[in-house]
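Remarks on the structure that follows.
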Amino acid sequence: MAFNSRLKEDFDRDGFVLLKGYLSSAEAAEINSNIDRFIEEVLPGAPDTTAFYEDIEDPSSIKRLQNMAELDPYFDGLFGSYNFTELAGFLLADDVLPKNPQWFNKPARVGEVTPPHQDGFYFMLEPNEALTLWIALDDIDEENGCMRYVRGSHRRGMRPHRLSNVLGFSQGVSDFSDEDLAQEVAMRASPGDVFAHHSMVIHRADANRSDRRRAALGLVYFAARAKKDEEKAEQYRKELFARWEKEGKI
Ligand SMILES: O=C(O)CCC(=O)C(=O)O
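First residue of the sequence shown: 3, per the numbering used here; consecutive thereafter.
In C-alpha cells, the structure reads:
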C-alpha cells in the first residue's frame, strides 16, 4: 500500500500523526468485541501480570491488558492486518518488528491519569526508533482523557524520568514544564482513528471522570535498526513487578 509522503513529513516534524478514519467503525467494533472475548475467555487462565486494575477489588476496572499477542491468535494476527506493518515501516523508514499489543483503558469515572512520558524510556533502544499505532476504540475527547502530545518533543532528546505513582506507567518526565504545555496538542478521536506516535515524543492524558469509557489498543513496532539491551530491560521489568507486588498493586 502506498502512503502519502505528507504523512511522513508530519510524523517527522511533530512526532505524531492522526490517521482519521483509518479503520471503519465496524472494524473498531470488531476489535472491541475481541477485547470483550479476551477478558471473558482468555484472561481467567492468563498470568496475573496480564491485567492491571484501577481497583484490584473491582474486576470491571481493568486499565491495561498486555501480552495479548502471546495469549490470543487474534491479537497476534492484528499486527499484520490492515497494512499496519507497512504503515509503521513507512513512518520509521525501515523494516519493523511488532511488539506487545496493549489495551489502554480509562474506565468511566475512575480512569487515572497517564503521566507525561516518552515510551523510549521504557523501550531502551539504540537508536531510539520505534512507534506506537494507537487505535481509538471510543469517542475520545478532553472529558474522558484524550491523548496529548508535545509537538516536536521527539527531536529534543530523552528527558529525565522519575518514578510515578500511577500503576502501569512507572515513570514520568520529572521536569515537565509550562513550555511543554504550550507545545501540547489535545487530540480528539473517534472509533477507528489511528495515531502513530514516535517513541521519543512526550505524551500524557488526563484522568477520566466522565460517565464514558475511554479505550484504545496500542500496537508497538521497533525499527530493525534499533537494538535493545535485553538483559538490562528484563532486570528493570523484574524490579518494577517486584515493587508493585510488594505494594499490593498487582
Ligand atoms: O492510552 C494512554 O493513556 C497512554 C498510552 C501510551 O502511553 C502509549 O500508547 O504509549
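Glycine is no exception: its CB is placed at the ideal position from the N, C-alpha and C atoms.
Which residue's Cα is closest to the Cα of residue 208: 89, 195 and 190? 190
Is residue 1 near residue 222, with beta carbons less than 8 angstroms apart? Residue coverage of the chain in this structure runs from 3 to 252, which leaves residue 1 outside it and unanswerable.
Applying the 10 Å Cβ sphere with the 16-neighbour rule, what's the burial state of residue 202? buried
Given 7 angstroms as the limit, tell me if residue 220 has its C-beta closer than that to any heavy atom belonging to ligand 1. yes
Give every residue of the same chain whose Cβ lies closer than 8 angstroms to the Cβ of residue 242, excluding the five residues on either side of it in the sequence, and list them in chain order. 172
Residues sharing a beta bridge with residue 1, DSSP: Residue 1 is absent from the model: the chain starts at 3 and stops at 252.
Going by the CB atoms, is the gap between residue 137 and residue 204 shorter than 8 angstroms? no
So is residue 291 buried or exposed if we call it buried at 16+ other beta carbons inside 10 Å? Examination of residue 291 is not possible in this model, given that the chain is present from 3 through 252 alone.
Could you pull out every residue in the same chain whose Cβ sits closer than 8 angstroms to the Cβ of residue 51, ignoring the five residues on either side in sequence? 68, 69, 243 and 252
Helix, strand or coil for residue 53 per DSSP? strand
So, at 7 angstroms on beta carbons, what are the nonlocal neighbours of residue 123 in its own chain, with the 5 sequence-adjacent residues on each side left out? 160, 163 and 173
Relative to ligand 1, is the shortest distance from any of its heavy atoms to the C-beta of residue 121 smaller than 7 angstroms? yes
May I have a chain-ordered list of the beta strand (DSSP E) segments no shorter than 3 residues that lie completely inside the segment 78–161? 98–108, 116–119, 132–138 and 149–152
Output the boundary residues of the beta strand (DSSP E) element that contains residue 224. 216–225
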